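**Student:** Could you have a look at this structure, given as structure tokens, before my questions?
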Amino acid sequence: MRVVPLQSSGVRGHDNANVDFVRESFDSEAFGIEIGRIRAAYATSAAGYRLLFKSVLQRARAEHFQQVLRRTRLENLEEVWALEATGFEMMDVVVTFARSVAPAAALPVWPDLRVEEATDETFEVIAHERAAAFFVGIMEDRPAGYVTCVLHDHTGEGEIELVGTLPEFRGRRVATRIIERALPWFAERCRVVTVRTQATNIAAANLYERVGFTLRCTEATFRANVATALRAQP
Ligand SMILES: CC(C)(COP(=O)(O)OP(=O)(O)OC[C@H]1O[C@@H](n2cnc3c(N)ncnc32)[C@H](O)[C@@H]1OP(=O)(O)O)[C@@H](O)C(=O)NCCC(=O)NCCS
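The structure is reproduced here in structure tokens:
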């Protein structure tokens with residue numbers, strides 16, 4: 467992690483503005499270009515954010531990054547305006563749902579669907595290093611859907627990272643019930659669980675509300691092509 471205080475980037479007068487800029491290893495390797503991410507940014511005004519993002523872009527160019535990403539809450543209007551003014555473009559919008567969990571007296575069971583925690587072997591192959599647990603729903607003797615469960619030490623919260631039902635099993639409450647089985651697992655380890663999806667994924671948003679999650683926040687991801695954004699600076 468590199469914390470870049472604004473003053474060290476040569477911009478003065480906004481002492482409490484700061485930004486945390488890191489290399490995005492997974493994306494950089496997947497796409498074969500250097501991609502950085504602004505993990506946190508703070509300024510007291512849109513003008514302060516503009517100076518901050520300009521300094522990040524200059525630094526990104528000096529360190530040979532081609533793209534810079536920033537995800538922020540849509541209600542942070544001053545930051546959103548500053549991102550657009552410095553050459554960032556909106557890529558997508560994601561919604562995060564949250565719900566509290568409490569230990570249950572008994573695990574749910576259903577006659578037509580068996581939900582089980584994946585065996586070590588399956589888990590190693592499919593979810594290695596991505597999840598703490600992995601639930602699979604078996605219907606008609608076949609895997610029909612799955613849910614991956616992540617625990618975040620820094621927030622103490624759990625997260626459902628991936629949910630999927632095979633197309634031929636959709637609409638039969640497979641995802642609903644696998645999540646219902648995963649919730650007691652979370653309840654033994656945390657008090658709040660979150661799940662994030664793209665704002666356009668109506669099926670997933672409906673599913674999460676159906677199992678008791680409520681909308682926590684809406685964020686947009688912005689992307690700047692470093693060279694193009696700097697050329698456009700006034
Ligand atoms: C989203 C997904 C997991 C739902 O799986 P599913 O097993 O069919 O869901 P369920 O049958 O349990 O449906 C639960 C609720 O979700 C909502 N829902 C599911 N499919 C929907 C659709 N196509 N359109 C609108 N709402 C939908 C409904 O509210 C439904 O409740 P209802 O049947 O009482 O109306 C499945 O469509 C899928 O795998 N999609 C691709 C992967 C994905 O988008 N994953 C989530 C983001 S990571």
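Here the sequence shown is numbered in the numbering used here, starting from 467 and rising by one per residue.
Just so you know, even glycine gets a beta-carbon here, dropped at the ideal spot from N, CA and C.
As the structure is a computational prediction, the values presented were derived from the model and not from experiment.
(1) Should V575 go down as buried or exposed, given a rule of 16 or more other Cβ atoms within 10 Å for buried?
(2) What do you get for S511, buried or exposed, if any count of 16 or more other CB atoms within 10 angstroms of its CB means buried?
(3) The beta strand (DSSP E) with V581 in it runs from where to where?
(4) Can you give the Cα-Cα distance for E634 and D558, rounded to whole angstroms?
(5) Please determine, among F688, L517, A648, C656, the residue with the shortest C-alpha to C-alpha distance to V677.
(6) Contact defined as beta carbons within less than 8 angstroms: I believe F601 pairs with I644. What is the distance between those atoms, to the nearest angstrom?
(7) How big is the Cα-Cα spacing for T694 and L523?
(8) Along the chain, where does the beta strand (DSSP E) that runs through D619 open and close?
(9) Name the residue from P650, A570, V560 whose alpha carbon lies nearest to the alpha carbon of I668.
(10) Let me know if G622 comes out buried or exposed under the rule of 16 or more other beta-carbons within 10 Å of its beta-carbon.
(11) Is the beta carbon of T614 less than 8 angstroms from the beta carbon of L632?
(12) Can you tell me the Cα-Cα spacing of R565 and T687, whole angstroms?
(13) What is the rounded straight-line gap between the Cα of Q473 and the Cα of D486?
(14) Hey, how far is the Cα of R596 from the Cα of E529?
(15) How many Å lie between F652 and Y612 at the Cα?
(16) When the Cα atoms are used, what is the spatial distance from N484 to E583?
(17) Taking 7 angstroms as the line, does the beta carbon of T562 fall inside it for any heavy atom of ligand 1?
(18) Mind checking who S566 pairs with in its DSSP beta bridge?
(19) So, A670 versus T660, is the Cβ gap smaller than 8 angstroms?
(20) Using the C-alpha atoms, what's the distance from E654 back to D619?
(21) Please indicate yes or no: does the CB of N430 lie closer than 7 angstroms to some heavy atom of ligand 1?
**Tutor:** Looking at the coordinates:
(1) exposed
(2) exposed
(3) 580-583
(4) 28 angstroms
(5) A648
(6) F601 to I644, Cβ: 5 angstroms. Contact.
(7) 10 angstroms
(8) Careful: D619 lies outside any beta strand (DSSP E) and carries neither H nor E.
(9) V560
(10) exposed
(11) no
(12) 23 angstroms
(13) With a pLDDT of 39 at Q473, under the threshold of 50, the predicted position of this residue should be treated as unreliable, and no value is reported.
(14) 29 angstroms
(15) 15 angstroms
(16) Answer to the nearest angstrom: the Cα atoms are 43 angstroms apart.
(17) no
(18) V658
(19) no
(20) Between D619 and E654, the C-alpha separation is close to 15 angstroms.
(21) The first residue shown for the chain is 467 and the last is 700, placing residue 430 beyond what the model contains.
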